[in-house]
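Engineer: Protein chains in written order, with the working numbering: chain A, 45 to 383; chain B, 1465 to 2213; chain C, 517 to 693.
The beta carbon of each residue, even a glycine, is placed where N, CA and C say it ideally should be.
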Amino acid sequence: MREELITSGRMNLNIDPVLHIWHWQIPVYLFLGGLAAGLLFFAAYYTIIGKEKKFTTAVKFAPVLAPVAIILGLIALLLDLKHPAYFWQLYTTVHLESPMSWGAWVLMFIMPISMLWVASYFKEIFPKFDINQNIVGKMLKKVIVKNDNKEGANWDWKFEIIRKFEINFIKNRKPVAWVMLILAVILGVYTGILLSAFNARPLWNSSILGPLFLTSGLSTAAATIMWMSDNHEEKRTFSKIDLMLIVIELFLITHLFMGFLAGSEAKVQAAQYFLGGEFTVTFWINVVIIGLIVPAILETLELLKFKLPVMVPAAMILWGGMIFRFIMVEAGQVTRFLY
Amino acid sequence: MKTNRREFIKISSMGMGALALATTPVLGWVPGFLKDDYTNPDDSKAKRYANYCEVCFWNCAGWVYTDEKDKIWKIIGNEDDPHSNGRFCPRGTGGVGMYNDNDRLKTPLKRVTDESGKQTFVKISWEEAFDTIAEKMTEIKDNYGSESFALFKHGSSGKHFAQLLKAYGSKNIAAPAYAQCKGPREEAFKVTFGHPLHSPEPLDIRDTKCLVLIGSHLGENMHNGQVQEMSEAIGKGVNIITVDPRFSTVASKSKFWLPIKPATDLALLLAWIHVIINEEIYDQKYVEKYTFGLESLKKHVENYTPEWAAGITTLSAQDIRDTAKEMANASPAVIVHPGRHVTWYGDDTQRLRAVAILNALLGSWGRRGGFFMPEKAKLPKYPEPKAPKPKWSWRDISPGKYPLAGTGVTNLLIDASHPDYEGDHKIKAWFIAGTNLIASIPDIKRTLDALNNQEFVVVVDTMPAEITGYADIVLPECTYLERYDSPRLAQHREPNIALRVPAAEPRFDSKPGWWICKEIATRIGKGDFFDYKDFSEVIDWQLKQVGTSLEEMKKIGVKKLNRKYDDLYFLEDEEIEFHTNTGKIELYSTTMEANGFDPMPKYTAHQESSEGFYRLIYGRTPAHTFSRTTNNPNLTALKAENDLWVNPKVASEWGFKNGQKLWLQNHQGKVSEFPIKIRITERIRWDSVFTAHGFGRTDKRLTRGYGRGISDSEMVSDVKIDKETGSTGMRNNFVTFLTEKPNTAKKES
Amino acid sequence: MRYGMAIDTRKCVGCADCVVACQTENNIPIGYTRDWIAELNEGTYPNLHLEIRSERCNHCENTPCVRTCPTGASHIILGGIVKVTHEECIGCGACIQSCPYDARYMHPDGYVDKCTFCDHRVANGQEPACVSVCPTHCMYFGDLDDPNSEVSKVVAANKIKTLAPEAGTKPQIFYLV
C-alpha cells in the first residue's frame, strides 16, 4: 500500500486538497477568446481572398460579436485576478515566455482592430438610421450627423477626421485583414498555449493543445456564422468548413490521449481521468458526442439535403466548445506530478 | 528575471552588489497607497525576553521576541540551554498561539444558579473571587480541617499554589504527571539503582551505540533534547531497536522494528534478560562489582526463553536473540529507554524493573552512551515562616496502599473525595491549577463523581477546558509569556538556571499565578508566606544568593554552573555506594520483597481483545502536548483533529473507506462523544488501533478544539491499578466501531 | 552564488517546527503555509518504509513560475532565490498553475506568496528560519556553487534525490535518502 500525505495540515486556500485556483472565469475567457479569434479569422480570410461580397455574414455581421466577446472575456479575466487593482502591471512589461503576458498584449492589439473593423461596416450594417427618433439616436447625435446623399447610409460621422480615417481604413481593408488574420491565429493558438505552457500540469502539457484550441475556436466561430447567416451558399460553405474542423478536432483529441498514454506515469494518470476516471462521462458525452459527433452527423445530413434547423448543430458545437474548456481547466488543475 | 529596488539594496548590503539579473519594467512605479507589503522585523533590533517554555514539561529555555509594536512576534531557543540547545520544537515555537488565542479565559467567573435551577457562570471581579475563595477555605478548615483541601497541579505556576496550600495547612497535593505518567518508572529505577530518573531523563543518547525503545515514540513525542540527541546519534550510525505495535516514526529509522503484540512487553524483556545472562554477554565486571542478586535472577529467568516469549509476543525467537546480542555488542553504550508515560497495564513498576535490570546487566548506568549522572542547580529558599504541620496527608487515605508511591497519587485523592470512601480522611474541596483532570485522569465518571461530592472547586487555568466547566470559581491565569515564575532548575549534564520574565502585559483580565496565590493567602491570614510585592523580588533575591542577579539573567536567560559533585560517568573501578538497602544495584529488589511484592518481575498475561474489538493505543503527535494545545491557533493549523489508525485488513473486513467518520465504543460500552476519521494504514497491527491524545474537546468555548476528533481518555474507563505505586494502567481498553452514534447512548453528566 | 538546501530525510521526524517557525518569522496568516511536511509510506505490514520530507519552494534553476508570470512580479534575485514582488502581482494564478510542487499560494491580501529562503535573514548572515530552528538538525542551507559550503559537502557525500525531476525544473532542494 502506498500512502502519501501532507502531515503538517497544509490547507492553503484553493491549493489543497486539490489545486483549484482557476474557477469559471478562465474557461469563459478562453471560450470567448477562441470564438472571437475564429470570427475575426473568417472575416479576414474572406476579405483577403476577395469574397467579402459573397460571405457578408462572415465579413460584416458576425464580427460584431468579436469585440463583445473580447470585452466579456477580459471582464472574466479581470474577475479572476485577486489583485485587480494592479491589472495595469500587465502592460508595464512584455514577457514573451509568459502566455498570460502574450494574451494581454494580443488582446490589446486585436481589440481596437476588431472594433475598427466592425465600425467600418457600420454604415453598411445600419444604412438607414433616424437620429431624431429614439434614445440611441439622440445619444449618437454627439458623434453622427444626417447625410443627405442618395447613395449609401443616410448618416455620416460628425468629425471630419473620423470620416477621413474611415475612408482610408476601407481602402486598406486587405492589409488590415492580413494583420487581423495573423493576430486571430495568435489569439486562437494562445488560448491553448496558455494551458500547455504549464509544464506542471500533465494534462495541459501537450503541444497538441494549441492547434486543438485553435481548431475548436474556429469551429465555434464557423457554427456561429452558420447560425447567423441567411445566405444559403454561405451556410453550406460554413457547414462544410465546420465538418472539416470537427474531423480535425476528433483527430487531435485522439492524438492527445495517445500521446498521454505513451507518456510518463503522471501523463498516463492524467489521461485516466478521461478514460474511466471522474471526468469520463462529462467529457465524452458533452464534448465528443454532443459537441462533435452529433453535429457532424446533422451537418452531413443537411449537406445531403435533409431539412434541419441549423441552430441545432450550431448550438451543440458552441455548448461542446464551452464545456471542453471548462473540463480542460478543471481537470488540468487536478493532475499533478507524482513524487 | 529582474531585481527590484528594495531587494537590490538588501543584496548590496550583503556586500555583493551584483546587477546581472536585471530587466527593468517599463513602468517601475507603484502608487504608494497600494503598498501593503509585510516587512519582517530585524532580529538584531528586536527586543527579546528570557523565558522557558510551558507548552510541555521539557521546559526548554528560549527568547521571546517582540516586534516594533511590542507585540509578541516569535519564540526562539536559547543556545546556552541544555534542554533545547537553541532549538525549540513546534509546540515551543507555536507557544505564541497560547498568548494569541482569543478563546482564553478572560475574567474570573463564578457559578450561579438562577431561579429555574439553571447554572451559569457570571463574570466577577478579582476581589469578589478572592473573598469567596478565602471565605470557603476558612469554612472548610473550620469544619473538616485544612487537610481536606486538595490541590491538583501541573506546570511551573503549580509551585505557587503548592506554597499556598502549605501555608494553609494541607499536603494533599498531586499531579497527574506521577500516577498517570512516569510514577512506576521513577520507583522501579529507585528500587534498582537507588535513584529515580527525574526530568529530563539523564540519557546519554548522543553517544549511545544502541538505543532500545519500548513503546516510546521519540520523535512523535517531541522530548526536545532527546529527539535532538537521537538525531545526532543517527548521524553517527546508532542502531535503534524499536518495539512498538505501530510502525512509528522512529521505527522507520530503526535497524530492528519488533511489531510486538501489545501488552506482552514484559515477556520480551524477560527473554532478553534470559539471553543476555545465559549467553553470558552481560557486562561481567560491572555486574559483579555493582549488582546484587545475579544468581537469583538467572534462576528466575531460566524458563523465560526466547522461544517462550516468541509464542506470547508474536515476534520470532531469532529476532529476540539478535536484538539481545545487538544490545550486548554496544554495551555499555546502550540505552534501554525507560520511557515516560509508562502507566499501561497495571504491572508497570514490574515492567520498568525489567527495563532497569536490563540496563544494569548491560552496564549502561553511569556509563558514556548509557545513563549519565545528572546534576541540578539549587537556589536557597526565600525566607518564610514555619508552615503549620498537617495532621494527615494523602499517604493516610488508604494506609498501606501503594507503599512505593513517592509523590502524591492523584487517584488516591480522588478516592478520598469519592462518595464511596469510608475512611477518616475525606477530601472536601479541590484546587485545580493548570491541569485538565478530565483529559488526564482515566475513568472520567469516577473523577466526576468525586468532583460532584466536593463542597468547593476552584480551577485556575489560561484556557477554558472540560474541567473549568465543573468549577465553582474559575480564575484566568495569564500565560507563561506574561508572567514571572520561579527559575527552572532542572537536572542535566551541567547544572543550570533558566529564567522566566514576562514579554508582554497579560491580555484581558488574566493575572500571574503568584499574584493570585499571594492575594488569597493575604485574605486567609497567611500573607507572610508571600512576603513580597512582586515575584521578581523573590527571583532576584534567590539569584543573588548564588552569585548572579535578575538583571544578569535577563541578559543571558540561562546560566550554566560548574558541577559540584562526581563525574558525569563512573570512573574505572570506582567504588560506588548505591542508595539501596544492599548498597548495590538490586537485580533482586529487597525493597520490593519487604513490601510484599515480587523481588524480580514475573510475567503475567493481560486481558486480550475479543472478536471485533481492538486494543486502543494512544500516543502523541509532534504538534501537540496535552489537551491544552488542541486549541492553539498555530498548532491546530498543523493538526486540528486526531485520526484513528486502522490496518487495511481490518478496514476491508468492516468495509471502511479511508477518511470515513466512525464513533468508537469500548468494551465497557462507553461511546465516544464525537466521531473520528479513520486513516487506513499499514503502519499498525491488525489487533490494535491508534490515535493521538488530547483531542475531541467538549467545551464549546474552544472554537478550534471543540468536536475535533475524539478524546482517547473518554475511551479509557477500564483502569488497572499498579499495586506498587497506585498508578493507573490505561492500555487495557478495547474499542469497536460504530458507523452512527447510537441514540441510546446516554450522556454522562 | 546559488543558494540551496539539503534535507536529511533519515533524521527528519516530521515535527513541523520548520512550518511554525516560518509562520511566526514571516507573519503568515493562520491557515496558510509556505512550507509543509509530506510523508510517504510504502510497503506491506510488517515490511514498511517511511520517508518524511520538509517541503517548500524548490527555488528551481529552471523556473516555470518566473516564466509564466505576466508582470514580472515573480523574479529571481541574487543567489537564485525566487521571489514575488507583492505590489507587482496581479493575482492571476499563472505561477501557481506552473509550479509542480504546489509551493505557491494566494495570500488573502490578493498576491501570490511563497518561501523566500528568508532572504531578509540570509542578507544578515543568518540561516532561513526553518533551518535555524530544526531540532533534528536535518536541514542544511548555503551556497551550492561553493564546493566547501556545508550544503555542497552534504549533497556530494550522500545519496540524494530531488522532487519531480521529470518536471525539468532542476530543484535546488536536495533530499538525502
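#1: State yes or no: is the C-beta of residue 1836 of chain B within less than 8 Å of the C-beta of residue 1668 of chain B?
#2: Residues in its own chain within less than 8 Å of residue 1585 of chain B by CB, not counting five upstream and five downstream?
#3: Of all the options B:1710, B:1814 and B:1558, which has the alpha carbon lying nearest to the alpha carbon of residue 1654 of chain B?
#4: Going by beta carbon distance, what residues of the same chain come within less than 6 Å of residue 2131 of chain B, once the five residues before and after it are set aside?
#5: Once you ignore the five residues that flank residue 549 of chain C on each side, which residues in its own chain have a CB closer than 6 Å to its CB?
#6: Does DSSP classify residue 1583 of chain B as helix, strand or coil?
#7: So for residue 255 of chain A, helix, strand or coil by DSSP?
#8: Can a CB atom of chain C be found closer than 8 Å to the CB of residue 148 of chain A?
#9: Would you report the Cα separation of residue 71 of chain A and residue 599 of chain C, rounded to the nearest angstrom?
#10: Taking DSSP's pairing of strands, which residues face residue 2144 of chain B in a bridge?
#11: Give the range of the beta strand (DSSP E) segment to which residue 223 of chain A is assigned.
#12: Can you give the Cα-Cα distance for residue 1897 of chain B and residue 1618 of chain B, rounded to whole angstroms?
#13: Using a Cβ cut-off of 8 Å (strictly closer), state whether residue 2103 of chain B contacts chain A.
#14: Rounded to whole angstroms, how far is the Cβ of residue 47 of chain A from the Cβ of residue 554 of chain C, which I believe are closer than 8 Å?
#15: Determine the contact status of residue 280 of chain A and residue 347 of chain A, defining contact as a CB-CB distance below 8 Å.
#16: Span of the alpha helix (DSSP H) holding residue 167 of chain A?
#17: Can you say whether residue 352 of chain A is buried or exposed, counting buried as having 16 or more other CB atoms within 10 angstroms of its CB?
#18: Can you round the beta-carbon distance between residue 532 of chain C and residue 52 of chain A to whole angstroms, since I take them to be within the 8 Å contact cut?
#19: To the nearest angstrom, report how far apart residue 1674 of chain B and residue 1681 of chain B are at their CA atoms.
#20: Below 8 Å on C-beta distance, what does residue 161 of chain A contact in chain C?
#21: What alpha helix (DSSP H) runs, 4 residues minimum, are completely inside the segment 1689-1755 of chain B?
#22: Answer yes or no: do residue 1539 of chain B and residue 1556 of chain B have a C-beta to C-beta separation smaller than 8 Å?
#23: Can you find a CB in chain C that lies within less than 8 Å of the CB of residue 1762 of chain B?
#24: Straight-line CA distance for residue 2042 of chain B to residue 1806 of chain B?
#25: Going along chain B in order, which residues have a C-beta closer than 7 Å to the C-beta of residue 45 of chain A?
#26: Have a look at residue 643 of chain C and residue 1759 of chain B and give me their C-alpha separation to the nearest angstrom.
#27: Hey, would you say residue 2163 of chain B sits closer than 8 Å to residue 1928 of chain B, going by beta carbons?
#28: State the DSSP-derived secondary structure class of residue 626 of chain C, mapped to helix, strand or coil.
#29: Under the DSSP definition of a beta bridge, which residues are partnered with residue 2023 of chain B?
#30: How many Å lie between residue 578 of chain C and residue 684 of chain C at the Cα?
#31: In this structure, what does DSSP give as the bridge partners for residue 1674 of chain B?
#32: By alpha-carbon positions, which one of A:91, A:127, A:354 and A:175 ends up nearest to residue 446 of chain A?
#33: I'd like the ranges of any alpha helix (DSSP H) spanning at least 4 consecutive residues and lying wholly in the segment 2059-2095 of chain B.
#34: Quick check on residue 1494 of chain B: does DSSP put it in helix, strand or coil?
#35: Does any residue of chain C bring its CB to less than 8 Å from the CB of residue 242 of chain A?
#36: Quick check: is the beta carbon of residue 529 of chain C nearer than 8 Å to any beta carbon in chain B?
Structural biologist: Taking the definition as stated:
#1: The criterion of a C-beta distance shorter than 8 Å is satisfied by residue 1836 of chain B and residue 1668 of chain B.
#2: Hits under 8 Å: 1573, 1574, 1575, 1576 and 1938.
#3: When C-alpha distances from residue 1654 of chain B are compared across B:1710, B:1814 and B:1558, the shortest belongs to B:1814.
#4: Take residue 2131 of chain B, set aside five residues on each side of it, and the residues of its chain with a beta-carbon closer than 6 Å to its own are 2077 and 2198, in chain order.
#5: Hits under 6 Å: 535.
#6: Three-state result, residue 1583 of chain B: strand.
#7: Residue 255 of chain A sits in a helix when the DSSP states are folded into three classes.
#8: Residue-level contact by beta carbon holds for residue 148 of chain A and chain C, with a gap shorter than 8 Å.
#9: One Cα belongs to residue 71 of chain A, the other to residue 599 of chain C, and the distance between them is close to 28 Å.
#10: When beta bridges are read from the DSSP output, residue 2144 of chain B appears opposite B:2110.
#11: Segment 217-240 is the alpha helix (DSSP H) holding residue 223 of chain A; no beta strand (DSSP E) there.
#12: When rounded, the distance between both Cα atoms is 6 Å.
#13: Yes, its Cβ sits closer than 8 Å to a Cβ of chain A.
#14: Not a contact, Cβ separation roughly 11 Å.
#15: Against a cut-off of 8 Å, the Cβ pair of residue 347 of chain A and residue 280 of chain A comes out as a contact.
#16: Element bounds for residue 167 of chain A: 166-169.
#17: Answer is exposed; the Cβ neighbour count stays below 16.
#18: Sure, about 4 Å apart at Cβ, within 8 Å.
#19: In this structure, the alpha-carbon of residue 1674 of chain B lies about 16 Å from that of residue 1681 of chain B.
#20: What residue 161 of chain A touches in chain C: nothing, since even the nearest Cβ is about 26 Å away.
#21: Those alpha helix (DSSP H) runs which fall completely within the segment 1689-1755 of chain B and span 4+ residues are 1729-1742 and 1748-1754.
#22: With respect to the 8 Å criterion, residue 1539 of chain B and residue 1556 of chain B are classified as neighbours on the basis of their beta carbons.
#23: Output row for residue 1762 of chain B: interface = no.
#24: In a straight line, the C-alpha of residue 2042 of chain B is about 24 Å away from that of residue 1806 of chain B.
#25: Near residue 45 of chain A (Cβ distances below 7 Å), the residues of chain B are 2112 and 2146.
#26: Spanning the two alpha carbons is a distance of roughly 57 Å.
#27: Yes, the Cβ-Cβ distance between residue 2163 of chain B and residue 1928 of chain B is below 8 Å.
#28: Shown here, residue 626 of chain C sits in coil according to DSSP, grouped into three states, outside any helix or strand.
#29: As a beta-bridge residue in DSSP terms, residue 2023 of chain B pairs with B:1961.
#30: One C-alpha to the other measures close to 7 Å.
#31: Answer by DSSP bridge pairing, in chain order: B:1703 and B:1798.
#32: Here chain A covers residues 45 to 383 and nothing more, so residue 446 of chain A does not appear.
#33: Qualifying alpha helix (DSSP H) stretches: none in this window.
#34: Per-residue confidence for residue 1494 of chain B stands at a pLDDT of 42, beneath the threshold of 50, marking its modelled position as unreliable; the derived number appears in the next sentence. Correct three-state label for residue 1494 of chain B: coil.
#35: Output row for residue 242 of chain A: interface = yes.
#36: Yes, residue 529 of chain C lies at the interface with chain B (some Cβ there is under 8 Å from its Cβ).
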